[in-house]
Each structure stands twice: as C-alpha cells, then as structure tokens.
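Engineer:
In the UniProt record's numbering, the protein residues as written are 1 to 265.
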C-alpha cells in the first residue's frame, strides 16, 4: 500500500459523504475549527438548534484546524461542500482521510492535488466554487468530518505534548464504504458563499496504513458557513452594535478643518 507524509496529520479516504445530523462537541475525540488565513482569526461558531455556523468573508483563504484530543490514532475524513478534500469525489465515510496521531493538531489549507501540493480553500461566490464548477453544487456551504478509531493493534500511547509541527499522512482508501442515512433539514435559502479552488501552495503529505475499528464513524461533525449578512438575516448571528465611533454625534468635528484648495491660485 502506498504511503505519504504531511506535517503530523494523516489522511484516509471516504467514498460519498451523505449529510447526517451533527454530533455535539463532546461526542468524539476530534475538534474542528475554521481559521481565516488572511485575518489570522479562528472564526467563531454560532449555534442554531442542532447546527453550528461560521461567517466567512468573500475572497479570504481559510484552513480547517483539526485536533485529536485522545491518546490513540484516529482517521478523519474531511468533506468541504460535500466533496472529499483529498480526492474531490462526492464525500462518504468510506473514502480517504487524514490520520491524526495522539494529541495531534493539524491544519488543512486546501484541496489536495498531490503529496506535496494543495489548491487553497477560499471563500467565493457559490457559482465560482469548486463544487459548482464541477457540476456538484448540492451541498455548498458545509464543512464536515467523519472520525474513525483505529482497530486495536498496540497499547494506546500515554499522553504526550503536542508537536510544534505536526505531520500529515495519507492512508489508502477503505475497501468498503458504509451506508449512512440522510438526515437533511428543511430547504434553506441559497448560500452567498462557497469554497473555491484557489492558488496552489506547498503542503507535504505521506501515505500510511489505518485499520478502522468500526464501519460507521465514531464521530460526525458539521459546520455550516455563509456570509455575515445571511447569518444575520437567518437570526443565527446578532446584529453588531454600533461602535462608539459610529454613533451619531451632535458636534462631530473637534477642530476647524482645512478648506478645499483654491483653483485660482
């Protein structure tokens, strides 16, 4: 079996990724955050019933930060807009994904193009998203993971300090994909954001082997995203209060301003 290596995170493949009801934060070993790479901020997640939302910004690059909070290896299948972030297939929990070592944290910054390169994730118009451009726009606006524990083959390692630069590995595709029932909610308004196929950048990955302990994922987690305007309109995100500088003032100018230049001189 082929093996690849990226900074402390390993990959596994799932086949199709059918949306199901999201798990609560504490239902599994892996946490998921979305980082705006242009602002450097971790995007706040807003709860809305059983769903969680983040507000993206048009044209900004982003990465998906994954953290394994357990003392065993796990396989994380990453889906963006309903597509496997490694293979580009319609995602499903039987495909390739990333293998995280115990206590490991890693950021996935794009669609994998090779063992040394990704195409950046970037917030863009839905029509310009990778999913839409490849004729698969049905699940634009959601980032999801399916997590699998490893079949017992060695004693779990004791807790260790997280490495400063994790390694990402890619595992071969599973022989059989598990059937996952669809649990989709009511139709929602068309999103204002999708994920584009951005500029290519260096990102090393390595192949590894991984035997899943179960056919079904131990954890499922979805984070939906859209523009701030849409989230406010949905009632998911509160309207921002006017900053002090934005509030109307009866005497807005503290000092006399200069006059416009006189063209006659």
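Ideal Cβ positions, reconstructed from N, Cα and C, are used throughout, including at glycine.
How do the stretch 34-43 and the stretch 73-87 stand: do at least 3 beta-carbon pairs fall below 8 Å, yes or no?
Structural biologist: no
Engineer: Mind listing, in chain order, the continuous beta strand (DSSP E) runs of no fewer than 3 residues lying wholly within the stretch 115-151?
Structural biologist: 117-124 and 142-149
Engineer: What number of angstroms, rounded off, separates the C-alpha of residue 56 from the C-alpha of residue 36?
Structural biologist: The sequence position of residue 56 within the chain shown is 56, counting from 1. The sequence position of residue 36 within the chain shown is 36, counting from 1. Those two C-alpha atoms are separated by around 8 Å.
Engineer: Out of 240, 229 and 143, which one is the CA nearest neighbour of residue 90?
Structural biologist: Position 90 of the chain shown, counting from 1, holds the residue named residue 90. Taking only the C-alpha atoms, the option nearest residue 90 is 143.
Engineer: If we count Cβ pairs, one from each stretch, closer than 8 Å, do we get three or more for the stretch 121-136 versus the stretch 216-224?
Structural biologist: no
Engineer: Quick check on residue 86: does DSSP put it in helix, strand or coil?
Structural biologist: Indexing the chain shown from 1 puts residue 86 at position 86. Of the three classes helix, strand and coil, the one that applies to residue 86 here is coil, per DSSP.
Engineer: Buried or exposed, going by whether 16 or more other CB atoms sit within 10 Å of the CB of residue 151?
Structural biologist: What you label residue 151 is simply residue 151 of the chain shown in a count that begins at 1. Looking at its Cβ environment, which holds fewer than 16 other Cβ atoms inside 10 Å, residue 151 is exposed.
Engineer: State the DSSP-derived secondary structure class of residue 231, mapped to helix, strand or coil.
Structural biologist: Taking the chain shown and counting its residues from 1, one reaches residue 231 at position 231. In the structure shown, residue 231 sits in a helix (DSSP, three-state: H, G or I).
Engineer: So, for residue 236: in the same chain, excluding its five sequence neighbours on each side, which residues have a beta-carbon less than 7 Å away from its beta-carbon?
Structural biologist: As a working note, residue 236 is residue 236 in the chain shown. The residues are 46, 48 and 53.
Engineer: Excluding the 5 residues preceding and the 5 following residue 116 in the sequence, name in chain order all residues of the same chain whose CB lies nearer than 8 Å to its CB.
Structural biologist: Numbered from its first residue, the chain shown carries residue 116 at position 116. So the qualifying residues of the chain are 202, 203, 204 and 205.
Engineer: Out of curiosity, what's the CA-to-CA distance linking residue 260 and residue 61?
Structural biologist: What you label residue 260 is simply residue 260 of the chain shown in a count that begins at 1. What you label residue 61 is simply residue 61 of the chain shown in a count that begins at 1. Cα-Cα distance, rounded: 41 Å.
Engineer: Output the boundary residues of the beta strand (DSSP E) element that contains residue 107.
Structural biologist: Counting from 1 along the chain shown, the entry for residue 107 is found at position 107. Here the beta strand (DSSP E) through residue 107 covers 105-108.
Engineer: At the level of alpha carbons, what is the spacing between residue 113 and residue 199?
Structural biologist: What you label residue 113 is simply residue 113 of the chain shown in a count that begins at 1. What you label residue 199 is simply residue 199 of the chain shown in a count that begins at 1. The alpha-carbon atoms of residue 113 and residue 199 are separated by roughly 11 Å.
Engineer: Taking 9 Å as the threshold (C-beta atoms), are residue 139 and residue 104 in contact?
Structural biologist: Counting from 1 along the chain shown, the entry for residue 104 is found at position 104. Counting from 1 along the chain shown, the entry for residue 139 is found at position 139. The Cβ-Cβ distance between residue 104 and residue 139 does not fall below 9 Å.
Engineer: Does residue 126 pass the burial test, meaning 16 or more other C-beta atoms within 10 Å, or should it be called exposed?
Structural biologist: On the chain shown, position 126 is the one that residue 126 refers to. Buried, because 16 or more other Cβ atoms sit within 10 Å of the Cβ of residue 126.
Engineer: Decide if residue 29 is buried, meaning its Cβ has at least 16 other Cβ atoms within 10 Å, or exposed.
Structural biologist: As a first step, residue 29 is located in the chain shown; it is residue number 29 there, counting from the start. Counting C-beta atoms within 10 angstroms of its own C-beta, residue 29 has 16 or more neighbours from the protein chains shown and is therefore classed as buried.
Engineer: Relative to the C-alpha of residue 123, which residue among 229, 225 and 92 is closest?
Structural biologist: For the purposes of this step, residue 123 is identified with residue 123 of the chain shown, where counting begins at 1. The shortest Cα separation from residue 123 among 229, 225 and 92 belongs to 225.
Engineer: If you compare alpha carbons, which of 120, 230 and 240 is closest to residue 59?
Structural biologist: Residue 59 sits at position 59 when you count from the first residue of the chain shown. Checking every option, the nearest Cα to that of residue 59 belongs to 120.
Engineer: Please classify residue 77: does DSSP put it in a helix, a strand, or coil?
Structural biologist: Position 77 of the chain shown, counted from the first residue, corresponds to residue 77. The answer is strand: DSSP assigns residue 77 an E or B state.
Engineer: Would you kindly check if the distance between the Cβ of residue 109 and the Cβ of residue 118 is under 9 Å?
Structural biologist: Position 118 of the chain shown, counting from 1, holds the residue named residue 118. Position 109 of the chain shown, counting from 1, holds the residue named residue 109. In contact: residue 118 and residue 109 (Cβ atoms closer than 9 Å).
Engineer: In the DSSP output, what is residue 47 paired with across the bridge?
Structural biologist: On the chain shown, position 47 is the one that residue 47 refers to. For residue 47, which the question treats as bridged, DSSP gives the partners 52.
Engineer: Is it the case that the Cβ atoms of residue 50 and residue 102 are separated by a distance below 9 Å?
Structural biologist: Residue 50 sits at position 50 when you count from the first residue of the chain shown. Residue 102 sits at position 102 when you count from the first residue of the chain shown. No. Outside cutoff.
Engineer: Taking the C-alpha atoms as reference points, what is the distance between residue 220 and residue 231?
Structural biologist: To locate residue 220, count along the chain shown from 1; it is residue 220. To locate residue 231, count along the chain shown from 1; it is residue 231. Taking the straight line joining both Cα atoms gives about 23 Å.
Engineer: Alpha carbons only, please: which of 63, 93 and 145 is nearest the one belonging to residue 106?
Structural biologist: Position 106 of the chain shown holds residue 106. Considering only alpha carbons, the answer is 63.
Engineer: For residue 196, name the three-state secondary structure that DSSP assigns.
Structural biologist: On the chain shown, residue 196 is found 196 positions in, with the first residue counted as 1. Three-state result, residue 196: strand.
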